[in-house]
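In our numbering, the protein residues as written are 351 to 514.
Reviewing the structure listed below.
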């Protein structure tokens, strides 16, 4: 009976630690999104690692943190950046509790988008290291969307293939 109680305590404490970590990661993501909604440039970028990458919805939006800051600054300076609210989120934590990855569905001005990425624990604080923003497309309209993108994507593919 003592072994069962000990096992229960160990499993319970492990589950509590996992839930606590998930809440910390979720809070960091919520704070990051809130900083953008409030156009708080400093807070937004302090929640990213120094070597963070942000990948936006356009094929050309693959920014290192400094590049993303330069892109974002004029939006934040206008007092309105973007407003993303998570409506669903899945969080996964690595074995040493210092790295987490996630996916989330977002309510945005572009309607439903998907965010996904990686957070690292830096000096005890969870920070976004890699973020990918995607516009979700219902399967029923994919063909229509592909037709809309065809000309621009074809030109971009020629350019990308010439460099690769």
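Ideal Cβ placement from N, Cα and C applies to all residues, glycine included.
Quiz item: Hey, residue 436 and residue 444: beta-carbon distance below 9 Å or not?
Solution: Residue numbering aside, residue 436 sits at position 86 when the chain shown is read from its first letter. Residue numbering aside, residue 444 sits at position 94 when the chain shown is read from its first letter. Against a cut-off of 9 Å, the Cβ pair of residue 444 and residue 436 comes out as no contact.
Practice problem: Note the first and the last residue of the continuous beta strand (DSSP E) segment covering residue 505. | Solution: Your numbering for residue 505 matches position 155 in the chain shown. Looking at the DSSP string, residue 505 is not in any beta strand (DSSP E); the run it does join, the alpha helix (DSSP H), is 492–513.
Quiz item: Any idea which residues DSSP pairs residue 464 with across the strands?
Solution: In the chain shown, residue 464 corresponds to position 114, counting from 1. Residue 464 pairs with 455, 484.
Self-check item: Buried or exposed by the 16-neighbour rule on C-beta atoms within 10 Å, applied to residue 374
Solution: Numbered from 1 along the chain shown, position 24 holds the residue referred to as residue 374. Buried is the call here.
Quiz item: What's the gap between the Cα of residue 401 and the Cα of residue 382?
Solution: Taking the chain shown and counting its residues from 1, the one referred to as residue 401 is at position 51. Taking the chain shown and counting its residues from 1, the one referred to as residue 382 is at position 32. If you take the alpha carbons of residue 401 and residue 382, they lie about 16 Å apart.
Quiz item: Going by DSSP, which residues form a beta bridge with residue 436?
Solution: Position 86 of the chain shown holds residue 436. Residue 436 pairs with 456.
Practice problem: Please confirm whether residue 426 and residue 481 have their CB atoms less than 9 Å apart. | Solution: Within the chain shown, the letter at position 76 stands for residue 426. Within the chain shown, the letter at position 131 stands for residue 481. Against a cut-off of 9 Å, the Cβ pair of residue 481 and residue 426 comes out as no contact.
Quiz prompt | Cα-Cα separation between residue 446 and residue 416, rounded to whole angstroms | solution = Residue mapping note: residue 446 aligns to position 96 of the chain shown, counting from 1. Residue mapping note: residue 416 aligns to position 66 of the chain shown, counting from 1. When rounded, the distance between both Cα atoms is 29 Å.
Quiz prompt | Nearest-angstrom Cα separation, counted from residue 376 out to residue 455 | solution = The count along the chain shown starts at 1 and reaches residue 455 at position 105. The count along the chain shown starts at 1 and reaches residue 376 at position 26. Answer to the nearest angstrom: the Cα atoms are 13 Å apart.
Quiz prompt | CA nearest to the CA of residue 475, picked from 503, 484, 514, 399 | solution = Residue numbering aside, residue 475 sits at position 125 when the chain shown is read from its first letter. Ranking 503, 484, 514, 399 by Cα distance to residue 475 puts 399 first.
Practice problem: Identify whether residue 361 lies in helix, strand or coil by the three-state DSSP scheme. | Solution: In the chain shown, counting from the first residue as 1, residue 361 sits at position 11. The predicted model places residue 361 with a pLDDT of 41, which falls under 50 and marks its position as unreliable, so this point remains unresolved.
Quiz item: What are the start and end residues of each continuous alpha helix (DSSP H) run of 4 or more residues lying completely inside the region 400–438, in chain order?
Solution: 415–427
Quiz item: Is it right to say residue 465 is buried, meaning 16 or more other beta carbons lie within 10 angstroms of its own, or is it exposed?
Solution: Here residue 465 refers to the residue found at position 115 of the chain shown. So residue 465 ends up on the buried side.
Quiz prompt | Local Cβ density within 10 Å of residue 467, reported as buried at 16 or more and exposed below that | solution = Position 117 of the chain shown, counted from the first residue, corresponds to residue 467. Flag for residue 467 reads buried.
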